[in-house]
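The numbering of the sequence shown is our numbering, which starts it at 1059 and goes up by one.
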Amino acid sequence: AGSSIPCEEAKDHDCKCPPGHSCADEPCQYCQRLPRCEPGHCPARGKSFPWNLGSHEFPSFFPAGNINFQFECKPCETGTYSSSRNGWCRNWTDCESSGFITLQEGNSTHNSMC
């Protein structure tokens, strides 16, 4: 699902995938293109994926059956938004913690307005 780009020239052992791509295998030797998601959605790995998508930090061992390198578009979780196509879901701005008043709460496609 998507094109593969070799990552052999990365300077460290982790694959450095270009924007719009993520690791296609456990040692991250190849990158795969992420799906094109609408605003309010972001690329996410299947449910069996046991670690944080954005961190690119993989555990040192993989329990059998827990690896899923397939991506699909999933709605942003409550408290997060993606305002553009192919964007990642980001946390809403916490206006109060910055000393401001929330004028409009965020939703899946827009950040909070302070």
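All C-beta atoms in this analysis are idealised placements derived from N, C-alpha and C, irrespective of residue type, glycine included. In this text, all values refer to a predicted model and were calculated from it rather than measured experimentally.
Distance CB(residue i)-CB(residue j) smaller than 8 Å
i             : j              : result
cysteine 1089 : proline 1076   : yes
tyrosine 1139 : threonine 1167 : yes
cysteine 1131 : cysteine 1172  : no
Distance, residue j Cα to residue i Cα
i                  : j               : result
phenylalanine 1158 : asparagine 1149 : 17 Å
arginine 1091      : proline 1101    : 10 Å
lysine 1074        : glutamate 1154  : 36 Å
cysteine 1147      : proline 1085    : 25 Å
threonine 1136     : aspartate 1152  : 13 Å
arginine 1103      : glutamate 1163  : 28 Å
Spatial neighbours of residue i in its chain, beta-carbon cut-off 7 Å, leaving aside the 5 residues before and after
i              : result
histidine 1079 : Ile1063, Cys1089, Gln1090, Arg1091 and Leu1092
Which listed residue (the options) has its alpha carbon closest to that of residue i
i             : options                      : result
arginine 1143 : Thr1136, Pro1097 and Phe1129 : Pro1097
Own chain partners of residue i with C-beta closer than 8 Å, once the 5 adjacent residues on each side are dropped
i            : result
proline 1133 : Gly1098, His1099 and Ser1166
serine 1156  : Cys1172
serine 1141  : Pro1097, Thr1167, His1168 and Asn1169
glycine 1145 : Cys1095, Pro1097 and Cys1100
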